[in-house]
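K.L.:
There's a structure below that I have some questions on.
Quick look at the structure:
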């Protein structure tokens with residue numbers, strides 16, 4: 002899908018169209034205690050689908066998406082009670098790379114950095130909600146985990162010109 006965004010760096014990514022396996026919850030992703038991961042893991046195990054990274058997570062309400070890899074793309078997938086099959090369109094995002102455990106505080110701290118970037122880059126505007134991108138499973142120690150936050154963006158159709166100070 003894409004390479005890991007370096008820790009502390011903000012960059013623009015153009016994500017391709019993808020097929021996702023998505024589990025949902027009524028509570029926040031951070032309140033789920035890996036329940037979404039378990040639903041998706043059961044689905045891929047029962048359907049002989051390879052696990053890929055990264056996975057994505059909407060925060061509130063909680064949703065987690067695994068993506069179908071190239072080796073499994075021609076398989077026929079069927080929605081289950083816990084997992085829905087979704088087509089995810091191409092998307093332009095700004096991303097920031099993060100090291101450390103997958104916590105709400107770390108998410109919010111880095112989300113602020115993305116919104117600050119957006120205020121400094123006047124040719125772009127928000128085009129969706131931030132979401133988490135997670136590269137490691139639940140059994141990797143927090144200190145070693147890598148993640149990202151993505152904020153969908155689009156070019157402004159009529160960016161405001163900065164007034165000259167002459």
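Residue numbers (the working numbering): 2 to 167.
By construction, the Cβ of each residue, glycine as well, lies at the ideal position given by its N, Cα and C atoms.
Keep in mind the model is a prediction, meaning the values are calculated, not measured.
Could you say which of 116, 33, 123 lies nearest to residue 129 if we only look at CA atoms?
P.N.:
To locate residue 129, count along the chain shown from 1; it is residue 128. Nearest C-alpha to residue 129: 116.
K.L.:
Taking DSSP as the reference, what is the three-state secondary structure of residue 99?
P.N.:
Here residue 99 refers to the residue found at position 98 of the chain shown. Reduced to three states, the DSSP call for residue 99 is strand.
K.L.:
Say whether the segment 27-36 touches the segment 84-102, bearing in mind that this needs 3 or more beta-carbon pairs closer than 8 Å, one atom from each stretch.
P.N.:
Taking 8 Å as the limit for Cβ pairs, the verdict is that the segment 84-102 does not touch the segment 27-36.
K.L.:
Give me the residue from 87, 120, 140, 149 with the minimum Cα distance to residue 157.
P.N.:
Position 156 of the chain shown, counting from 1, holds the residue named residue 157. It is 120 whose Cα lies nearest to the Cα of residue 157.
K.L.:
Do residue 42 and residue 53 come within 9 Å of each other at the CB atom, strictly closer than that value?
P.N.:
Sequence index remark: in the chain shown, residue 53 carries index 52 (1-based). Sequence index remark: in the chain shown, residue 42 carries index 41 (1-based). No, the Cβ-Cβ distance between residue 53 and residue 42 is not below 9 Å.
K.L.:
Taking 9 Å as the cut-off, decide whether the C-beta atoms of residue 108 and residue 50 are in contact.
P.N.:
Counted from its first residue, the chain shown places residue 108 at position 107. Counted from its first residue, the chain shown places residue 50 at position 49. No, they are not a contact pair.
K.L.:
Only counting the same chain, and skipping five residues up and downstream in sequence, which positions put a Cβ closer than 7 Å to that of residue 118?
P.N.:
Walking along the chain shown from the start, residue 118 turns up at place 117. Correct list, in chain order: 11, 95.
K.L.:
Helix, strand or coil: how does DSSP classify residue 113 here?
P.N.:
Counted from its first residue, the chain shown places residue 113 at position 112. Of the three classes helix, strand and coil, the one that applies to residue 113 here is helix, per DSSP.
K.L.:
Quick check on the burial criterion: 16 or more other C-beta atoms within 10 angstroms. Buried or exposed for residue 133?
P.N.:
Position 132 of the chain shown, counted from the first residue, corresponds to residue 133. Per the 10 Å Cβ criterion, buried.
K.L.:
Can you give me the start and stop residues for the alpha helix (DSSP H) that residue 44 sits inside?
P.N.:
One-based indexing of the chain shown puts residue 44 at position 43. Per DSSP, residue 44 belongs to the alpha helix (DSSP H) from 36-47.
K.L.:
Taking residue 13 as the reference, give the member of 46, 19, 5 with the closest Cα.
P.N.:
For the purposes of this step, residue 13 is identified with residue 12 of the chain shown, where counting begins at 1. The option with the nearest alpha carbon to residue 13 is 5.
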